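Protein sequence lines correspond, in order, to chains A and B. Last residue of the first sequence: 145 in UniProt numbering, with the numbers rising by one and none dropped. Last residue of the second sequence: 145 in UniProt numbering, with the numbers rising by one and none dropped. In what follows, a structure is listed as structure tokens, so that the remarks can point back to it.
There are 2 protein chains.
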Amino acid sequence: MDRKALFDQAVAFITSVHQVTYEMTKDFALGDITPVQYGILEYIAVAQPVTLSQVSDCKHISMPNTSRELKKLTDRGLCEKFDAPDDKRKQYIRLSPDGQAFMNAAFGHMEGQFRMRLATATEEQLEQLSAAMGVLQASLFSEKS
Amino acid sequence: MDRKALFDQAVAFITSVHQVTYEMTKDFALGDITPVQYGILEYIAVAQPVTLSQVSDCKHISMPNTSRELKKLTDRGLCEKFDAPDDKRKQYIRLSPDGQAFMNAAFGHMEGQFRMRLATATEEQLEQLSAAMGVLQASLFSEKS
DNA sequence: TTGTTTGATTATCAAATGATAACTAAAGAG
DNA sequence: CTCTTTAGTTATCATTTGATAATCAAACAA
Numbered sequence: 001m002d003r004k005a006l007f008d009q010a011v012a013f014i015t016s017v018h019q020v021t022y023e024m025t026k027d028f029a030l031g032d033i034t035p036v037q038y039g040i041l042e043y044i045a046v047a048q049p050v051t052l053s054q055v056s057d058c059k060h061i062s063m064p065n066t067s068r069e070l071k072k073l074t075d076r077g078l079c080e081k082f083d084a085p086d087d088k089r090k091q092y093i094r095l096s097p098d099g100q101a102f103m104n105a106a107f108g109h110m111e112g113q114f115r116m117r118l119a120t121a122t123e124e125q126l127e128q129l130s131a132a133m134g135v136l137q138a139s140l141f142s143e144k145s
Numbered sequence: 001m002d003r004k005a006l007f008d009q010a011v012a013f014i015t016s017v018h019q020v021t022y023e024m025t026k027d028f029a030l031g032d033i034t035p036v037q038y039g040i041l042e043y044i045a046v047a048q049p050v051t052l053s054q055v056s057d058c059k060h061i062s063m064p065n066t067s068r069e070l071k072k073l074t075d076r077g078l079c080e081k082f083d084a085p086d087d088k089r090k091q092y093i094r095l096s097p098d099g100q101a102f103m104n105a106a107f108g109h110m111e112g113q114f115r116m117r118l119a120t121a122t123e124e125q126l127e128q129l130s131a132a133m134g135v136l137q138a139s140l141f142s143e144k145s
């Protein structure tokens, strides 16, 4: 198989994923939440409870900046910090009820877009889709390295 | 098929794609080119020649800001503007030789990462991969809407 | 115990990005 | 020929984001 052609296909594919992700999320009102803050909330939503260091590592934001943004978010009542029982240096973070509601709305919006895109798909096509994502995530887009 | 589960899988998948894309590109030296500027160059590379308006539309940057960033890039000798023969209002943009060299290096780096990830894959797996990307791009990540 | 590492905070600064208004010139519509 | 729209530019401003230094307390290692 032609690896160069496969690479070109992968570039086009990645571009499409980014493009479609943008289109599926752009018309959700962030209010006064900045894109970076939204990314943090999204990460907390799927991984909570998390420490500040985890947010810093996973979202590639320096600790001082992570601390700053997270302070803003807690001040706005979207998430809560609580001490780790084992290590008094650590702080865990989770979404507050307001934060949960916000993220539920965000994910709900995304899911709506998602369903629209797949509205006309047959059962068989959905199975194919799931299988295709499985294949890709097991190989090209695995995060083990 | 459970659509909610499929949605969750899609969210995880999209996250992985973004994550891996970041990891494949992060250690390429941008020099004094900013991320937004890099995105513009990448777009020009695959779509050249393009007008300013096209860049603005596709990269979701307002015309004034597109004009500003493109001016910086042409000043640095990475791309060139030339008048459209048919419409004197339009300006086409293409990469300069330096810009081409830069983007060749960038794509070369990405391709290296890409090959590393697929180094142990069998011929059959590569075929599967290509097919999987085809399936996804034809359904979930099509950009027709 | 002393020194070092880790987790987090605050303060400050610089740079990148986004937004808006005002403007020019060419093209197109009536 | 006007009027409007399109393509692009310049200038300016606010905000967001990234980067760095200095600090603190707890944990850990010698």
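Every residue, glycine too, gets a C-beta built ideally from N, C-alpha and C. On a predicted model such as this, the values are computed, not experimentally measured, just so you know.
Around the beta-carbon of F82(A), fewer than 16 other beta-carbon atoms lie within 10 Å, marking it exposed. About 13 angstroms separates the CB atoms of V55(B) and Y38(B); that is not less than 8 angstroms, and the two are not in contact. Beta bridge pairing from DSSP links E80(A) with R94(A). Considering only beta carbons, the part of the segment 125-137 of chain A lying closer than 9 angstroms to chain B consists of Q125, L126, E127, Q128, L129, S130, A131, A132, M133, G134, V135, L136, Q137, in chain order. Per DSSP, D8(A) is one residue of the alpha helix (DSSP H) stretching across 3-25.
Under the three-pair Cβ rule at 8 angstroms, the segment 99-110 of chain A does not count as touching the segment 92-110 of chain B. Taking every protein chain shown into account, the CB of E69(B) has 16 or more other CB atoms within 10 angstroms, so this residue is buried.
Nearest to D98(A) by C-alpha distance, out of L52(A), D32(A), F13(A), C79(A), is C79(A). Using a CB distance cut-off of 7 angstroms, R117(A) counts as an interface residue toward chain B.
The C-beta of T66(A) comes no closer than 7 angstroms to any C-beta of chain B. Around A121(A), the beta-carbon contacts reaching into chain B at under 8 angstroms are S139.
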